[in-house]
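To start, the structure under review is shown below, and the notes come after it.
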Amino acid sequence: MPQTVAQVLARYTEGPQTGVFTDGSCSGNPGPGGWGVVYVMDGRILAQDHGHDPQTTNNRMEFTAMIAALNLLGPAEPMDVYTDSQLVVNTLTQWAAGWERNGWKRRDGEVKNLELVQEAWALVRARPLAKVRWIKAHDGSLWNEYADSLATAYMRNEV
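Below, the structure written as structure tokens:
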């Protein structure tokens, strides 16, 4: 059973207290999915967003959450943007530049979820002071758990 936001806030206290935290979730893969984003400064929520898709994949929801997070930031705003998806981090910090140079092709084939990768990459490039960072999932980090609770609730379209 998914945790409510209040349960998350009552249970967790660890992790960074400033940043934008993202998560995507899917029940089955593909299946119904959700995503959540929370923008926090010194432990205070400044903004949050969320959504769902009735038929999607986990990776699509992770990228959708990252896109929503980057859209919360201004182009000159320095901020850490956290995701527990190593795929998203590696794509945006290591691989996308090369794929773009190669006409959006990988050495071994196509770039999956290309439209989302391209959108996220454009946002990262337009926000050079935003740093995409990995955070371990379900490790007690309050705001990562909060983003997860948004994604999970919206995945099931409960909210």
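Residue numbering for the sequence shown follows the working numbering, starting at 2 and increasing by one per position. Glycine included, every Cβ here is placed at the ideal spot set by N, Cα and C. Bear in mind the structure is a predicted one, so any value in this text is a computation, not a measurement.
{"Check": "I'd like the span of the beta strand (DSSP E) that includes V47, first residue to last.", "Outcome": "In the sequence under discussion, the amino acid at residue 47 is Leu, which differs from the Val named in the question. Taken as a continuous stretch (DSSP letters only), the beta strand (DSSP E) holding L47 covers 45–57."}
{"Check": "Which value, in whole angstroms, describes the spacing of the CA atoms of E111 and A123?", "Outcome": "19 Å"}
{"Check": "Any chance the segment 112–132 sits against the segment 74–92, with 3 or more Cβ pairs inside 8 Å?", "Outcome": "yes"}
{"Check": "Which residues does DSSP list as the beta-bridge partners of A131?", "Outcome": "M80"}
{"Check": "State the Cα-Cα distance for the pair G25 and I68, rounded to the nearest angstrom.", "Outcome": "11 Å"}
{"Check": "On the DSSP letters alone, give me the boundaries of the alpha helix (DSSP H) that G99 sits inside.", "Outcome": "97–102"}
{"Check": "In the segment 3–40, which residue ranges form an unbroken beta strand (DSSP E) of at least 3 residues, counting only runs that do not cross its ends?", "Outcome": "20–27"}
{"Check": "L88 lies in the alpha helix (DSSP H); which residues open and close that run?", "Outcome": "87–91"}
{"Check": "Between S28, Y40, V125, which has its C-alpha nearest R143's C-alpha?", "Outcome": "One detail in the question is off: residue 143 reads as Leu in this sequence, not Arg. Selected option, being the one with the closest Cα: Y40."}
{"Check": "State the Cα-Cα distance for the pair S28 and S150, rounded to the nearest angstrom.", "Outcome": "14 Å"}
{"Check": "Just to confirm my understanding: we take V160, look at its own chain, exclude 5 residues before and 5 after, and list those with CB closer than 6 Å. What are they?", "Outcome": "With a pLDDT of 49 at V160, under the threshold of 50, the modelled position of this residue cannot be trusted, and the question is left open."}
{"Check": "Report yes or no: do the segment 101–109 and the segment 42–61 share at least 3 C-beta pairs separated by less than 8 Å?", "Outcome": "no"}
{"Check": "For F22 and T94, what's the separation of their Cα atoms in angstroms?", "Outcome": "17 Å"}
{"Check": "What number of angstroms, rounded off, separates the C-alpha of L47 from the C-alpha of G32?", "Outcome": "31 Å"}
{"Check": "Alpha carbon to alpha carbon, what distance is there between V89 and E120?", "Outcome": "12 Å"}
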